[in-house]
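Okay, so the sequence shown: first residue is 0 according to numbering that gives the first Met the number 0, each after it adds one.
Quick reminder that beta carbons are idealized off the backbone N, C-alpha and C, glycines included.
Worksheet: the structure to be examined is printed underneath.
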Amino acid sequence: MSYLKTTYNVYKDAALTPDVGLCCTTNPIWELPGLKIPKIMQEMNYGCGSTVHARDLSNNPKLLYVGVGGGMELLQFAYFNRQKDGVIGVDMVDEMLEASRKNFKEAEQMNPWFKSDFVALKKGDALHLPVDDESIDVAAQNCLFNIFKAEDLKKAIQEMYRVLKPNGKLVMSDPTCEQDMNDRLRNDDRLRALCLSGSLALADYVKALTDAGFGTVEIRARKPYRILDPKHYPTDELIYIESVEVAAIKDPMPDDGPCIFTGKAAIYYGDKPFFDDHKGHILLQNQPLAICDKTAKALSDLGRDDIFISDSTFHYDGGGCC
Numbered sequence: 000m001s002y003l004k005t006t007y008n009v010y011k012d013a014a015l016t017p018d019v020g021l022c023c024t025t026n027p028i029w030e031l032p033g034l035k036i037p038k039i040m041q042e043m044n045y046g047c048g049s050t051v052h053a054r055d056l057s058n059n060p061k062l063l064y065v066g067v068g069g070g071m072e073l074l075q076f077a078y079f080n081r082q083k084d085g086v087i088g089v090d091m092v093d094e095m096l097e098a099s100r101k102n103f104k105e106a107e108q109m110n111p112w113f114k115s116d117f118v119a120l121k122k123g124d125a126l127h128l129p130v131d132d133e134s135i136d137v138a139a140q141n142c143l144f145n146i147f148k149a150e151d152l153k154k155a156i157q158e159m160y161r162v163l164k165p166n167g168k169l170v171m172s173d174p175t176c177e178q179d180m181n182d183r184l185r186n187d188d189r190l191r192a193l194c195l196s197g198s199l200a201l202a203d204y205v206k207a208l209t210d211a212g213f214g215t216v217e218i219r220a221r222k223p224y225r226i227l228d229p230k231h232y233p234t235d236e237l238i239y240i241e242s243v244e245v246a247a248i249k250d251p252m253p254d255d256g257p258c259i260f261t262g263k264a265a266i267y268y269g270d271k272p273f274f275d276d277h278k279g280h281i282l283l284q285n286q287p288l289a290i291c292d293k294t295a296k297a298l299s300d301l302g303r304d305d306i307f308i309s310d311s312t313f314h315y316d317g318g319g320c321c
């Protein structure tokens, strides 16, 4: 049985019998005016972070979410859109699509503003998205890309890139590890279906995005997820897994390479009111500026004694140098 078939069966079972602990979910339940999340959606929230960020969702963007789960993040996206078919949910598991449809009916009863037709549910998968080229403003997936083996991951990212409009965003949450866990954990198809045995090193994850053409990558959060230990998993050592929230933006690739934000900042503390590197970066005296790793290196290479470059915080919320 292929790992994709195993994945299908795992999530078919999770649709028929909700499994609260399937993914050790850490998704926030948004506290927004008038938004109520049905309990069943919370129980079927099979993710490891959140892909819902208010700053991505202004001006009624057309939204795509792949791997619908119980529909919780689809409902949250619809809160910001509120238009018929404004959110497209794609899943390969018929039972999961049907469970989401049922859950949306309950959400209608709890949320007077919500209508089920705000979300268009479609049969499909991340490797063959049933969506037109350049038709989506914001695409999202949660704990899905981590399942794929290298070639399938490449294809899934290319599919997301294909459907996004220019300057559109791909927002993701996935488990990552310090190194590819296929080197440390037996390649078990069920573990891969649970986003474990396939966990990517963060650097490889980012490289897969920039190789597809995304000119900007933002690391928005990096937080503890779970421990794999020898008592419960086929490993000889403890393996620490993090949940990482990332946004990749389909903007033009700069001539000198992608802008990758890992939460670094530059602070100028010289005698003048500001510092200008004449490359588009102006640092006001003692005012931190979020910078991408490329700019951090360029500023550091100047060898100045009046510019401080922070370490990566792996938290970035916009307003940066690029």
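Please say whether residue 65 and residue 13 have beta carbons closer to each other than 9 angstroms? no
Among 140, 58, 6, which has the Cα closest to the Cα of residue 246? 140
Using a Cβ-Cβ cutoff of less than 7 angstroms, which residues in the same chain neighbour residue 154 once the five nearest sequence positions on both sides are dropped? 126
Which whole-angstrom value is the C-beta distance of residue 78 and residue 31, which I expect to be below 8 angstroms? 6 angstroms
Hey, how far is the Cα of residue 239 from the Cα of residue 227? 7 angstroms
Measuring straight from C-alpha to C-alpha, what distance separates residue 288 and residue 67? 37 angstroms
Length of the line joining the Cα atoms of residue 280 and residue 170: 26 angstroms
Taking 9 angstroms as the threshold (C-beta atoms), are residue 221 and residue 313 in contact? yes
Touching by the beta-carbon criterion (3+ pairs, under 8 angstroms), the segment 230 to 237 and the segment 204 to 220: no
Own chain partners of residue 252 with C-beta closer than 7 angstroms, once the 5 adjacent residues on each side are dropped: 212, 214
Sub-9 angstroms separation of residue 80 and residue 59 beta-carbons: yes
Does the Cβ of residue 204 have 16 or more other Cβ atoms within 10 Å, making it buried, or fewer, making it exposed? buried
Mind checking which residues open and close the beta strand (DSSP E) that includes residue 224? 215 to 227
Might you give, ordered along the chain, the residues of its own chain that have their beta carbon closer than 6 angstroms to the beta carbon of residue 105, omitting 5 neighbours on each side? 37
With distances taken Cα to Cα, identify the nearest neighbour of residue 158 among 98, 115, 89. 89
If we count the other Cβ atoms within 10 Å of its Cβ and call it buried at 16 or more, is residue 223 buried or exposed? exposed
Length at least 3, wholly inside the segment 22 to 71: the beta strand (DSSP E) runs in chain order: 62 to 65
Out of curiosity, what's the CA-to-CA distance linking residue 151 and residue 283? 45 angstroms
For residue 262, which residues of its own chain have a beta-carbon under 7 angstroms away from its beta-carbon, when the five flanking residues on both sides are left out? 218, 311, 312, 313, 314, 315
Buried/exposed call for residue 75, threshold 16 Cβ in 10 Å: buried
Of all the alpha helix (DSSP H) runs that stay within the bounds of the segment 239 to 315, which reach a length of 4 or more residues? 292 to 300
Supposed close pair residue 71, residue 40 - CB separation, criterion 8 angstroms: 4 angstroms
What residues are listed by DSSP as bridge partners for residue 88? 64, 120
Give me the Cα-Cα distance between residue 297 and residue 237, rounded to the nearest whole angstrom. 37 angstroms
Segment limits, alpha helix (DSSP H) that includes residue 201: 201 to 210
Do residue 120 and residue 85 have their C-beta atoms closer together than 9 angstroms? no
Between 161, 257, 129, 93, which lies nearest to residue 8 when the distance is taken from Cα to Cα? 93
C-alpha distance - residue 307 paired with residue 272, whole-angstrom precision: 16 angstroms
Under DSSP, the beta strand (DSSP E) around residue 163 begins and ends at which residues? 163 to 176
Find the nearest neighbour of residue 175 within the set 47, 16, 319, 17, judged by alpha-carbon distance. 47
Going by DSSP in three states, residue 132 sits in which element: helix, strand or coil? coil
Rounded to the nearest angstrom, what separates residue 10 and residue 52 at their Cα positions? 26 angstroms
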